[in-house]
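Numbering (my numbering), first residue to last: 5 to 602.
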């Protein structure tokens, strides 16, 4: 080993210490005995079970020289020289060990260049990926090339080719080398985690009893809670697997520097769900208050970008919906459609190369034309901004699987798109029929559609059901037979329907609740007045433990508040109303609300 090449000596005058810094990044403090410094710590580093990478290189070079000398002693012809030349041109493949997991900066860049080449190295340097830890957290380094920027053109030309239609195709060899390299690092990381766990387990088993000082329990009372928790796991009927992974991941990270934090896949998935459902502010709040628990926002955003769950505006994803139904073994579904107001804003989607925020036009079947606003012309974009209306609402389609075997299945987002709310009832009928037929081709039966009762949707429902209207599907080959009870003479519905339609229960319930809050309309049931006075009387004269109501539940400021409608029609409220005078009307009315939610 040569000084200043393989290692360097650092003298700390203030601390009265001498250190040796190896080129692999490790630093060893030299022990001192009288006027002599001992090399035992540095030698231990060089001769460890996982040898230093510098030592490995030296040993490998020595083996190659010995092999060359041995070969030359048997054959000194030009053919041997040719073989040596060919072997020297073959890129070396280092037998990677756990030592590389700590590589950063120049050591990391040298490793990447050796394993993946200069193009991959340049890609990582552009993205400021300067360590193995950072590379493992990000994973897919090629998603960066999907960004539309002139600054990336040069690196794109090195990494792949541009097709005549403008698409960019990555070089397969480059992608394969990088993926193999990352997979190898992931394998080493898993080995490191397992060996750390075994090491900790061996340390804990070295003594039968663990004595915790009293001052530690006073300073960190959660230690005692952890002991109780460990006993609880052995007896509990609940599954603590996820909680165990979180705690193990947190404490392992807390024992290292922050730049060395690593996260299990299940923790990343949980963090991604939290980021999507709670938003960036809530995510950052939790992350800052619980250290070593969640990855950074940058890592989560890269994780989301690398996933294949990209939603294209206006595209109805029948294929993925079908795969979801197959995964839960369901063949029957019900579709819900609703529209909500949004803030008008135009953005650019780099993945689909489209501008999002303009109101999408509809085709002959009532479907949005997904590729309406994709252009590379600035004048065209300027014309759209001047003449095309912005989307004021977001229209979403969700499909709910129905199966007796699959309980509590989540709905699947079929499509979402911006709209200016300009359409006809004929567009709705055509769209519903087309969706029904598309799923039929994938062996999925759509039983019906539910939506809010806009007048155009109401007309489409009447035509679809033949309810005091011309039936839209006379002699259709896929009509379903509906067996109505003979005693239901009051229930008007044809005995053959392609699908059923109704307003969704959430809107029905909230509208019924809002009706009794009207100051201009009075509802009567026989001689009984239907109003909120009995509910106010209940809050004033009965314990909240009996009815769980507050005044804001009866008259909420948000007229779309579904939870308040559910609370005022609960079983406890209905039972208490029977004890209150002149409450028969509101009692029956609330029971109707409850039945609409069932």
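Cβ atoms here follow ideal geometry from the backbone N, Cα and C, with glycine treated the same way.
Backbone CA spacing between residue 580 and residue 570 [nearest angstrom] | What you label residue 580 is simply residue 576 of the chain shown in a count that begins at 1. What you label residue 570 is simply residue 566 of the chain shown in a count that begins at 1. Their Cα atoms are separated by approximately 16 Å.
Are the beta-carbon atoms belonging to residue 385 and residue 401 less than 8 Å from one another?
-> On the chain shown, residue 385 is found 381 positions in, with the first residue counted as 1. On the chain shown, residue 401 is found 397 positions in, with the first residue counted as 1. The answer is no: Cβ separation not under 8 Å.
With burial defined as no fewer than 16 other Cβ atoms inside 10 Å of the residue's Cβ, what is the status of residue 423: buried or exposed?
-> Sequence index remark: in the chain shown, residue 423 carries index 419 (1-based). Per the 10 Å Cβ criterion, buried.
Assuming residue 193 contacts residue 263 under a Cβ cut-off of 8 Å, what Cβ separation, rounded to an integer in Å, is found between them?
-> As a first step, residue 193 is located in the chain shown; it is residue number 189 there, counting from the start. As a first step, residue 263 is located in the chain shown; it is residue number 259 there, counting from the start. Not confirmed; about 15 Å, so no contact.
Let me know the secondary structure DSSP gives residue 138 once reduced to three states.
-> Residue mapping note: residue 138 aligns to position 134 of the chain shown, counting from 1. Residue state, collapsed to three classes: helix.
For residue 360 versus residue 141, is the C-beta spacing smaller than 8 Å?
-> Start at 1 with the first residue of the chain shown, and residue 360 comes out as number 356. Start at 1 with the first residue of the chain shown, and residue 141 comes out as number 137. For residue 360 and residue 141, no; Cβs fall outside 8 Å.
Looking at the structure shown, is residue 509 part of a helix, part of a strand, or coil, going by DSSP?
-> On the chain shown, residue 509 is found 505 positions in, with the first residue counted as 1. Residue 509: helix per DSSP, three-state reduction.
Could you pull out every residue in the same chain whose Cβ sits closer than 8 Å to the Cβ of residue 428, ignoring the five residues on either side in sequence?
-> In the chain shown, residue 428 corresponds to position 424, counting from 1. Around residue 428: 460.
When the Cα atoms are used, what is the spatial distance from residue 341 to residue 333?
-> Reading the chain shown from its first residue, position 337 is the one you call residue 341. Reading the chain shown from its first residue, position 329 is the one you call residue 333. Cα to Cα, the separation comes out at about 23 Å.
Is DSSP giving residue 317 helix, strand or coil here?
-> As a working mapping, residue 317 is identified with position 313 in the chain shown. Note: residue 317 maps to coil in three-state DSSP.
Quick one: residues in its chain with C-beta nearer than 7 Å to the C-beta of residue 45, no 5 flanking neighbours on either side, listed in chain order?
-> As a working mapping, residue 45 is identified with position 41 in the chain shown. For residue 45, where only same-chain residues beyond five positions count, the Cβ hits under 7 Å are 32, 33, 34, 35.
Which residue from 549, 594, 512 puts its Cα closest to that of residue 538?
-> On the chain shown, residue 538 is found 534 positions in, with the first residue counted as 1. It is 594 whose Cα lies nearest to the Cα of residue 538.
Can you tell me the Cα-Cα spacing of residue 94 and residue 175, whole angstroms?
-> Residue 94 sits at position 90 when you count from the first residue of the chain shown. Residue 175 sits at position 171 when you count from the first residue of the chain shown. At residue 94 the pLDDT is 36, less than 50, meaning the model places this residue with poor confidence and gives no usable figure here.
Would you kindly check if the distance between the Cβ of residue 573 and the Cβ of residue 560 is under 8 Å?
-> By 1-based counting over the chain shown, the position of residue 560 is 556. By 1-based counting over the chain shown, the position of residue 573 is 569. Not a contact, by the Cβ cut-off of 8 Å.
Nearest-angstrom Cα separation, counted from residue 127 out to residue 22 | Within the chain shown, the letter at position 18 stands for residue 22. Within the chain shown, the letter at position 123 stands for residue 127. In this structure, the CA atom of residue 22 is about 38 Å from the CA atom of residue 127.
May I ask you to report which of helix, strand or coil DSSP gives residue 292?
-> The residue given as residue 292 occupies position 288 in the chain shown. Looking at residue 292 - three-state DSSP - the assignment turns out to be helix.
What first and last residue would you give for the beta strand (DSSP E) that runs through residue 352?
-> What you label residue 352 is simply residue 348 of the chain shown in a count that begins at 1. Residue 352 -> beta strand (DSSP E) spans 351-353.
Which partner residues of residue 26 appear in the DSSP bridge assignment?
-> Counting from 1 along the chain shown, the entry for residue 26 is found at position 22. Residue 26 pairs with 11.
Decide if residue 542 is buried, meaning its Cβ has at least 16 other Cβ atoms within 10 Å, or exposed.
-> By one-based count along the chain shown, residue 542 stands at place 538. Burial call: buried.
Using DSSP with H/G/I as helix, E/B as strand and the rest coil, what is residue 401?
-> Residue numbering aside, residue 401 sits at position 397 when the chain shown is read from its first letter. Residue state, collapsed to three classes: strand.
Report back the beta-carbon spacing between residue 425 and residue 397 to the nearest angstrom; my notes put them in contact at under 8 Å.
-> As a position in the chain shown, residue 425 is number 421, starting the count at 1. As a position in the chain shown, residue 397 is number 393, starting the count at 1. With a Cβ gap of about 5 Å, residue 425 and residue 397 count as contacting.
Would you identify the three-state DSSP class for residue 563, choosing helix, strand or coil?
-> As a working note, residue 563 is residue 559 in the chain shown. Three-state DSSP puts residue 563 in coil, outside helix and strand.
In angstroms with no decimal places, state the Cα-to-Cα distance between residue 413 and residue 404.
-> In the chain shown, counting from the first residue as 1, residue 413 sits at position 409. In the chain shown, counting from the first residue as 1, residue 404 sits at position 400. Computed Cα separation, rounded: 8 Å.
Mind checking residue 492: buried by the 16 CB within 10 Å criterion, or exposed?
-> Here residue 492 refers to the residue found at position 488 when the chain shown is read from its first residue. Result: exposed.
Name the two residues that bound the continuous alpha helix (DSSP H) containing residue 377.
-> Here residue 377 refers to the residue found at position 373 of the chain shown. Where residue 377 is concerned, there is no enclosing alpha helix (DSSP H), given that its DSSP letter is neither H nor E.
By how many angstroms is the C-alpha of residue 550 removed from the C-alpha of residue 272?
-> As a working mapping, residue 272 is identified with position 268 in the chain shown. As a working mapping, residue 550 is identified with position 546 in the chain shown. Their Cα atoms are separated by approximately 43 Å.
Compute the Euclidean distance between the alpha carbons of residue 311 and residue 521, then round it to the nearest angstrom.
-> Within the chain shown, the letter at position 307 stands for residue 311. Within the chain shown, the letter at position 517 stands for residue 521. Approximately 47 Å between the Cα atoms of the pair.
In chain order, what residues of the same chain lie with their CB nearer than 7 Å to the CB of residue 283, ignoring the 5 residues before and after it?
-> Residue mapping note: residue 283 aligns to position 279 of the chain shown, counting from 1. None.
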